[in-house]
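461 is the number that our numbering gives to position 460 of the sequence shown; each next residue is one higher, with no gaps.
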Amino acid sequence: MTEQPNVLHISKKAFLSVVYILLGLIVIAGIMTLFIPSGAYLRDIDGNVIPNSFAWLDNVNYPIWRWFTAPFEVLWGPDALNIIVIGLFLIILGGTFAIMDKTGGIIVVIKKLIVRFKDNKYLLLRMVTLIFMMFGAFFGIFEESMALLPILIILSLSMGWDTLTGIGMCLLAAGFGFASAVTNPFSIGIASTLANTNILSGALYRIFIFIIMYLLLSTFLVRYAKKIEKNPSSSMTYESDLNKSKEFDLNQSLPFSNEKTVFKSFMWMFAILFVGIIGAGLAELFFDLSIPSIPIMAIIFLFGGFIAGIIVSKSIKFTAKTFLSGMISVAPAFVLIMLAVSVKHIITEAMIMDTILYYLATLLNGRSAIVGILFIYLLVLIIQFFIGSASAKAFLIMPLLLPLVSLIGISKELAILAFVFGDGYTNVIFPTNGVLLIGLSIAGVSYQKWFKFTYKLQFITLLLTIIFLVIAVWIGY
C-alpha cells in the first residue's frame, strides 16, 4: 500500500497561516499594554471580582521582550493545566485516528453511513448538526467535538460536499449549540450560580432561541452543500479536497480484516465514548459533579484505539508504531495552543484586563434597559476576544454586572442570556480561539477561507441575537 498522510494531521501551510495570525495578535496585545494603564479589582476567596473595588496600579512594567516569551510563560501560568490536558488529548486523538485509518476503520464507518443515508443525505446533515448543537446547548461540549472532526470531513467528501461542510456540521454546530445554551453548565450553569438563580429559570425562551438558531444553521449548511454538490469547483477547498478524496478511496480493500470485524472493533469504542460524554454532562447538570470530559475521552481513545488496533491488525508492534506516527502528526497543535493563550496572558500579566473591564462597566451606568442589555452584549464580546473560557469570563464579568442590572431595569436571566450570546457564537469566528484554529489546521483550511465561509452567517447571528435581547426586554424576560 502507498503510504498516505495520517487522517489527523496539521499541514505546514495551515500551521504557518495560523502562526502568523497569532503572532500578529500577540504584538497587538503587547502594544495595548503600552497605552492602557494598569489597574485591578479585589477578588474574594473564590476568585470572584468584588464590585466597586477597582484601583489603579503604579509601577507595573511589562517589558517588550516578554511579548515574545509569553508562549513559554503560559506553561507555568494559571492556564498551564488546560494547555497540557487539551494538548495531550489532541495527541492521543491523533494516534487513535491513525490506527483507525491504517486499519480501514474510517472507511468502514463511512461506508455504513453512506449505505444507510444514501437516499436521505440532507437528513443526515441536519441530524448530525442537531446532535452536535444539542451536545453544546445542554452539556457545554465544544472542544470535545474535534474528536469526530476527521470522520465528518471524510463523510462530507464522500457525500459530494466539501471540507467546510464537514467542519460546519461538527465544530460550527457545537459552537452554535454552546452559544444557544439551554443548560450549558459552563456558561448558563456558572452564571446562574453567581446570580443565585435556578439554571432552568428562563429556559423556555432559551429553547425557543435554540430552535431558531438550529433552523438557521442547518438551512445554511444544506443550501451550501447543495451548491457544492451542483458545482464542486466553487468550493474554496476544492483542490485540497481532491487530494483528500484520493487518500480515502472507499472501494479499496481492507488491509487486515473483514468489514464486520473492523466495524465492531471500533464502534464499541465510540459507544463507550458517547456514554462517557453523556454521563459526564448529566453528572454536571443534575448532581453538580464536575467530571472533566476531555480526560475521560482521552483515556477512552487511548485504550479503545489500542485494543481495537490490536484486534484488527493482530500486531502490537504495528499498532504502537501507527499510534506514535499519529501522535507526531498533530504535535504542532501544542504550539498553536501556547500562542493562542499568550494573548490573554499578556493582557492579564500587564494588569490591563481589569482596566478594560472597568472602562466598559463604567459606561453601563445610567443606560436604558435596551441600551444597557446591548452594551452588556458588547462588553462580553470584547472580553471574549481575550478570554475564550466561558467559566473564566463568568467569574470575571458577572459579579460586576449583577449589581448594575437592576439599576437599568433588566432581570438577572436577561443579563445571563446576553453573557451567553457574547461568549458562544464568536468561539467559531474569533482568531484567538485555540480550538477553532487547531480544528482548521487539522482540516487543512486557512482562517481566511473559514472567515469568508462564515462571516455572513455570523452577521445574521449577530442581528438575530440583538433582536432576541430586545424582544426579551419588551416581554419582561
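Note that CB positions come from ideal geometry on N, CA and C, so glycine has one too.
The alpha helix (DSSP H) with residue i in it runs from where to where?
i: V429; result: It is not in any alpha helix (DSSP H) - V429 carries neither H nor E in the DSSP assignment.
i: V19; result: 13-36
i: M339; result: 334-350
i: I468; result: 448-475
i: R67; result: 66-74
i: N83; result: 81-103
i: T220; result: 204-231
i: K413; result: 413-425
i: G328; result: It should be pointed out that residue 328 corresponds to Met in this sequence rather than to Gly. 317-330 is the span of the alpha helix (DSSP H), which, as asked, contains M328.
i: L382; result: 370-387
i: M354; result: 354-365
i: A444; result: 435-444
i: T198; result: Taken as a continuous stretch (DSSP letters only), T198 belongs to no alpha helix (DSSP H), as it is neither H nor E.
i: F143; result: It is not in any alpha helix (DSSP H) - F143 carries neither H nor E in the DSSP assignment.
Whole angstroms are fine: how far does the CA of residue j sit from the CA of residue i?
i: W475; j: L403; result: 20 Å
i: S235; j: Y63; result: 48 Å
i: L205; j: S392; result: 23 Å
i: G95; j: P333; result: 11 Å
i: G310; j: L325; result: 13 Å
i: A362; j: L380; result: 8 Å
i: A174; j: V129; result: 9 Å
i: G277; j: A182; result: 21 Å
i: M339; j: G78; result: 11 Å
i: V75; j: T34; result: 17 Å
i: T3; j: I100; result: Reliability of the predicted coordinates at T3 is poor, the pLDDT of 45 falling under 50, and the value obtained from them is presented with this limitation in mind. The alpha-carbon atoms of T3 and I100 are separated by roughly 16 Å.
i: L401; j: F221; result: 37 Å
i: T356; j: A196; result: 23 Å
i: I468; j: L405; result: 22 Å
i: I191; j: I312; result: 43 Å
i: I347; j: W68; result: 7 Å
i: G477; j: L375; result: 15 Å
i: G410; j: L397; result: 22 Å
i: L23; j: F136; result: 29 Å
i: Y359; j: V109; result: 55 Å
i: F460; j: S266; result: 44 Å
i: I273; j: L124; result: 25 Å
i: L364; j: M354; result: 16 Å
i: F422; j: F335; result: 29 Å
i: S1; j: T455; result: Residue 1 is absent from the model: the chain starts at 2 and stops at 478.
i: T166; j: R368; result: 42 Å
i: T262; j: L463; result: 48 Å
i: V223; j: I107; result: 24 Å
i: A56; j: E350; result: 16 Å
i: D45; j: D80; result: 20 Å
i: F387; j: K450; result: 22 Å
i: T198; j: K394; result: 18 Å
i: S1; j: G25; result: Any property of residue 1 remains undetermined from this structure, which presents the chain solely from 2 to 478.
Assuming residue i and residue j form a contact by the criterion Cβ under 8 Å, report the distance between their Cβ atoms to the nearest whole angstrom.
i: L438; j: V19; result: 5 Å
i: Y225; j: P233; result: Not a contact, Cβ separation roughly 12 Å.
i: L158; j: D242; result: 6 Å
i: F90; j: M298; result: 7 Å
i: I92; j: V331; result: 6 Å
i: L82; j: A444; result: Wrong, their Cβ atoms sit about 27 Å apart, outside the cutoff.
i: V436; j: M134; result: About 16 Å; that fails the 8 Å criterion.
i: M270; j: G306; result: 7 Å
i: Q385; j: F431; result: 7 Å
i: S202; j: E414; result: 6 Å
i: I84; j: V342; result: 6 Å
i: I200; j: I189; result: 6 Å
i: I480; j: S54; result: Residue coverage of the chain in this structure runs from 2 to 478, which leaves residue 480 outside it and unanswerable.
Who are residue i's beta bridge partners in DSSP?
i: W57; result: G40
i: V50; result: R44
According to the Cβ coordinates, are residue i and residue j closer than 7 Å?
i: G373; j: N434; result: no
i: L43; j: M352; result: no
i: A419; j: I383; result: no
i: V471; j: I371; result: yes
i: F177; j: M237; result: no
i: F140; j: F179; result: no
i: L172; j: G440; result: yes
i: V344; j: A30; result: yes
i: E230; j: G161; result: yes
i: F211; j: A284; result: no
i: V61; j: I295; result: no
i: T97; j: F302; result: yes
i: S1; j: I27; result: The structure shown does not extend to residue 1, since the chain is modelled only from 2 through 478, so no value can be given for it.
i: V429; j: T164; result: no
i: T104; j: S316; result: no
When you compare the CB of residue i with every CB in chain B, is at least one pair closer than 7 Å?
i: I377; result: Protein chains in the displayed structure number just one, and chain B is not present.
Does the beta-carbon of residue i, which I'm using as the reference point, lie nearer than 6 Å to any heavy atom of the ligand NAP?
i: S316; result: Inclusion of the ligand NAP in the displayed structure is not the case, the ligand content being empty and no account of it being possible.
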